[in-house]
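Participant: Please find one structure pasted underneath; my questions will follow.
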Amino acid sequence: MRIARRVSPITVSALRRLLLPTAVVGILAGISAAQPAKPTMKAIVVHEYGGPEVLKYENAPRPEPKEDQVLVRVMAAGVNPVDAIVRQGMFGQRDLDKRPLIVGYDISGVVEKTGAKIEKLKRGDAVYAYLSILHGGGYAEFAIAKPDEMSLKPRNINFEEAGAVPLAATTAWQALIDTAKIDKGQTVLIHGGSGGVGSFAIQIAKARGARVIATASTANQDLLKQLGVDQAIDYTTTKFEDVVKDVDVVLNAVRGDTLARSYGVIKKGGIIVSITEPPDQAMCEKLGIRGSDLTAHPDANVLQELSKLIEAKKIKPIVSQVMPLTEAAKAQEQIETRHTRGKIVLKVADEAK
Ligand SMILES: NC(=O)c1ccc[n+]([C@@H]2O[C@H](COP(=O)([O-])OP(=O)(O)OC[C@H]3O[C@@H](n4cnc5c(N)ncnc54)[C@H](OP(=O)(O)O)[C@@H]3O)[C@@H](O)[C@H]2O)c1
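Per our numbering: the sequence shown = residues 1021 to 1373.
Written out as structure tokens, the structure is:
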């Protein structure tokens, strides 16, 4: 772009007047012709870490896929608690500071362009993806995804619902299926059943044939029942440890003292998986249970399994709020309350009719 501006036709003739060899002038003029303006896109960009006000809606360079990458035209981007944590400077103290950065790890959209080594996806495919936390880029009109982070979008849900799925549902899957290895007939207690992770966890556990107990506040008791829980507990009126015992698995998806109060409700040989703070290993050992923390990660195979369950109508994403991309700051203020019902999704583009 800079070269293009400098080597205008006037400049070329000026070079000729300076009697530069014709070949050199030709090369410079050629460079100018071969450098079209780089495409841009609208995105929410973080230049400085801080509160929601640092999220700026502006023009940003449109990314170009490398040979093993896919460029996705984003239709919707899911909002997760980690988006706000990165915005506040999660990577600021490390070598991973890549500002200006675009947060957003959940996208649904349409393949715009594929790198030379991409074989299974083509332009026009409807997809959804869980973008690596190290790259993100979801709050934008275009984002780069790798094949091992993405899958074809479930056919029976729209882009907004699909944008709500990847990170939260993958986390629930990796906690309950990959880590706890839940089985038919087991009893699972899910703390935070009405949130992003919890609402998927309940449905995944039910689909596996487990008996599910879940906690939420009074306002979300109806949602727990709608999701199919066998026992809904209102944590504002009832201490779960007074009404629950001998569960096989606990999934802890909330912060506070819930983790510490959970060890005693698990039967010997059972497991607690916590996605907020690591379990106390000494306590687990003393009680004869296992404790595991979890850092979720993108996995295309998990997305494919989720697509099957969604298409079989065993899982339905709960989207409580859809906001335009320009309202990303408002969406993050909401997610930071830690009381979001289901998921919030940013709508980036209108679905073609
Ligand atoms: N380790 C990982 O890889 C990983 C991955 C994803 C998420 N996380 C973390 O896991 C947590 C949950 O994530 P998320 O996406 O599900 O968050 P979220 O959608 O913001 O969860 C909000 C839900 O939590 C419920 N809640 C709040 N306090 C509660 C309590 N004391 N008992 C029961 N429910 C309570 C709220 O219900 P009420 O409004 O009814 O209170 C609300 O529906 C976050 O801290 C997130 O950072 C970790």
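For every residue, glycine included, the Cβ atom is placed at its ideal position computed from N, Cα and C. Small disclaimer: the values here were computed from a predicted structure and weren't measured.
Where Gly-1098 and Glu-1356 are concerned, what is the direct C-alpha to C-alpha distance, given to the nearest angstrom?
Facilitator: Locating residue 1098 in the sequence shown gives position 78, where the first residue counts as 1. Locating residue 1356 in the sequence shown gives position 336, where the first residue counts as 1. Near 14 Å, if we compare the C-alpha coordinates of Glu-1356 and Gly-1098.
Participant: Just to confirm my understanding: we take Val-1194, look at its own chain, exclude 5 residues before and 5 after, and list those with CB closer than 8 Å. What are they?
Facilitator: Looking up residue 1194 in the sequence shown gives position 174. Just to set this straight, residue 1194 is Gln in the shown sequence, not Val. Once the five neighbours on either side are set aside, the close Cβ partners of Gln-1194 are Leu-1314, Ala-1316, His-1317, Asp-1319, Val-1322.
Participant: I need the straight-line Cα distance from Leu-987 to Gln-1055, nearest angstrom please.
Facilitator: Coverage of the chain is limited to positions 1021 through 1373, which leaves residue 987 absent and any answer about it impossible.
Participant: Assuming Val-1217 contacts Ile-1295 (C-beta within less than 8 Å), just tell me the rounded distance between them.
Facilitator: One-based indexing of the sequence shown puts residue 1217 at position 197. One-based indexing of the sequence shown puts residue 1295 at position 275. Correct: roughly 7 Å between the Cβ atoms.
Participant: Flag Ser-1237 as yes when its Cβ comes closer than 6 Å to any non-hydrogen atom of ligand 1, and as no otherwise.
Facilitator: Within the sequence shown, the letter at position 217 stands for residue 1237. Result yes, Cβ under 6 Å from ligand 1.
Participant: Excluding the five sequence neighbours on either side, which residues of its own chain have a C-beta within less than 7 Å of the C-beta of Met-1303, listed in chain order?
Facilitator: Position 283 of the sequence shown, counted from the start, is the residue given in the question as residue 1303. Closer than 7 Å at the Cβ level, and outside the excluded window around Met-1303, lie Tyr-1283.
Participant: Keeping to the same chain, check which residues put their C-beta closer than 6 Å to that of Gln-1251; ignore five residues upstream and five downstream.
Facilitator: What you label residue 1251 is simply residue 231 of the sequence shown in a count that begins at 1. Ile-1233.
Participant: Please tell me whether, using a cut-off of 6 Å, the distance from the CB of Ser-1214 to the nearest non-hydrogen atom of ligand 1 is below it.
Facilitator: The sequence position of residue 1214 within the sequence shown is 194, counting from 1. Answer for Ser-1214: yes, Cβ within range of ligand 1.
Participant: Would you kindly check if the distance between the Cβ of Glu-1181 and the Cβ of Val-1094 is under 7 Å?
Facilitator: Here residue 1094 is taken as the residue at index 74 of the sequence shown, counted from 1. Here residue 1181 is taken as the residue at index 161 of the sequence shown, counted from 1. No, the Cβ-Cβ distance between Val-1094 and Glu-1181 is not below 7 Å.
Participant: In the DSSP assignment, what residue or residues form a beta bridge with Glu-1078?
Facilitator: In the sequence shown, the residue the question calls residue 1078 occupies position 58. Answer by DSSP bridge pairing, in chain order: Ala-1063.
Participant: If I'm right that Ala-1080 touches Ala-1063 with Cβ under 8 Å, what's the distance once you round it to whole angstroms?
Facilitator: Here residue 1080 refers to the residue found at position 60 when the sequence shown is read from its first residue. Here residue 1063 refers to the residue found at position 43 when the sequence shown is read from its first residue. That belief holds up - the Cβ atoms of Ala-1080 and Ala-1063 are roughly 4 Å apart, short of 8 Å.
Participant: In the stretch 1305-1345, which residue ranges form an unbroken beta strand (DSSP E) of at least 3 residues, counting only runs that do not cross its ends?
Facilitator: As far as the stretch 1305-1345 is concerned, its whole beta strand (DSSP E) runs of at least 3 residues are 1310-1313, 1339-1344.
Participant: Roughly how many whole angstroms lie between the Cα atoms of Met-1021 and Val-1065?
Facilitator: Indexing the sequence shown from 1 puts residue 1021 at position 1. Indexing the sequence shown from 1 puts residue 1065 at position 45. Bear in mind that the predicted position of Met-1021 carries a pLDDT of just 35, short of 50, making it unreliable; the figure below should be weighed with that in mind. Going from the Cα of Met-1021 to the Cα of Val-1065 covers about 22 Å.
Participant: Does the count of Cβ pairs from the stretch 1203-1212 and the stretch 1266-1285 closer than 8 Å reach three?
Facilitator: Contact holds: three or more Cβ-Cβ distances are below 8 Å.
Participant: By the three-class DSSP mapping on this structure, what secondary structure does Gly-1284 have?
Facilitator: Residue numbering aside, residue 1284 sits at position 264 when the sequence shown is read from its first letter. Helix.
Participant: Hey, out of Tyr-1159, Glu-1169, Glu-1139, Gln-1108, whose CA is closest to Glu-1078's CA?
Facilitator: Locating residue 1078 in the sequence shown gives position 58, counting from the first residue. If we check each option's Cα against that of Glu-1078, Tyr-1159 comes out closest.
Participant: Going along the chain, which residues of its own chain have a beta-carbon closer than 7 Å to the beta-carbon of Pro-1085, five neighbours each way excluded?
Facilitator: The count along the sequence shown starts at 1 and reaches residue 1085 at position 65. Contacts found: Leu-1091, Lys-1133, Thr-1134, Gly-1135, Ile-1164.
Participant: For my contact list, Gln-1223 and Ile-1335 are in at a C-beta cut-off of 8 Å; report their separation, rounded to the angstrom.
Facilitator: Start at 1 with the first residue of the sequence shown, and residue 1223 comes out as number 203. Start at 1 with the first residue of the sequence shown, and residue 1335 comes out as number 315. Confirmed, about 4 Å.
Participant: Cβ of Thr-1190 within 7 Å of Cβ of Tyr-1150?
Facilitator: Locating residue 1190 in the sequence shown gives position 170, where the first residue counts as 1. Locating residue 1150 in the sequence shown gives position 130, where the first residue counts as 1. Closer than 7 Å, so yes.
Participant: Is Ile-1295 close to ligand 1? I mean its beta-carbon at under 6 Å from any heavy atom of the ligand.
Facilitator: The sequence position of residue 1295 within the sequence shown is 275, counting from 1. For ligand 1, at least one heavy atom lies less than 6 Å from the Cβ of Ile-1295.
Participant: Looking at C-alpha atoms only, which residue of Pro-1174, Asn-1176, Ile-1177, Ile-1153 is the closest neighbour of Lys-1166?
Facilitator: The count along the sequence shown starts at 1 and reaches residue 1166 at position 146. Measuring from the Cα of Lys-1166, the nearest candidate turns out to be Ile-1153.
Participant: Can you tell me which of Val-1264, Ile-1338, Val-1365, Leu-1141 puts its alpha carbon nearest to the alpha carbon of Ala-1349?
Facilitator: Within the sequence shown, the letter at position 329 stands for residue 1349. If we check each option's Cα against that of Ala-1349, Val-1365 comes out closest.
Participant: Counting only C-beta atoms, is Lys-1350 closer than 7 Å to chain D at any point?
Facilitator: Chain labels in this structure do not include chain D; a single protein chain is all it has.
Participant: Which first and last residues belong to the beta strand (DSSP E) in which Glu-1139 is found?
Facilitator: Counting from one through the sequence shown, the residue named residue 1139 turns up at place 119. Counting along the chain, Glu-1139 falls outside any beta strand (DSSP E), and DSSP gives it neither H nor E.
Participant: If you follow the alpha helix (DSSP H) that Asp-1254 is in, where does it begin and where does it stop?
Facilitator: Here residue 1254 refers to the residue found at position 234 of the sequence shown. It is not in any alpha helix (DSSP H) - Asp-1254 instead sits in the beta strand (DSSP E) that spans 1251-1254.
Participant: Using a threshold of 6 Å, is the CB atom of Thr-1190 nearer than that to any non-hydrogen atom of ligand 1?
Facilitator: The residue given as residue 1190 occupies position 170 in the sequence shown. False, no ligand heavy atom lies under 6 Å from that Cβ.
Participant: Name the DSSP bridge partner or partners of Ser-1214?
Facilitator: Here the question's residue 1214 lines up with position 194 in the sequence shown. In the DSSP output, where bridge partners are listed per residue, Ser-1214 has none listed.
Participant: Would you mind stating whether Val-1339 and Lys-1363 have Cβ atoms separated by less than 7 Å?
Facilitator: Within the sequence shown, residue 1339 is the residue found at index 319, counting from 1. Within the sequence shown, residue 1363 is the residue found at index 343, counting from 1. Taking 7 Å as the Cβ cut-off, Val-1339 and Lys-1363 qualify as a contacting pair.
Participant: Val-1074: which of Arg-1358, Arg-1361, Gln-1352 sits nearest, CA to CA?
Facilitator: The count along the sequence shown starts at 1 and reaches residue 1074 at position 54. It is Gln-1352.
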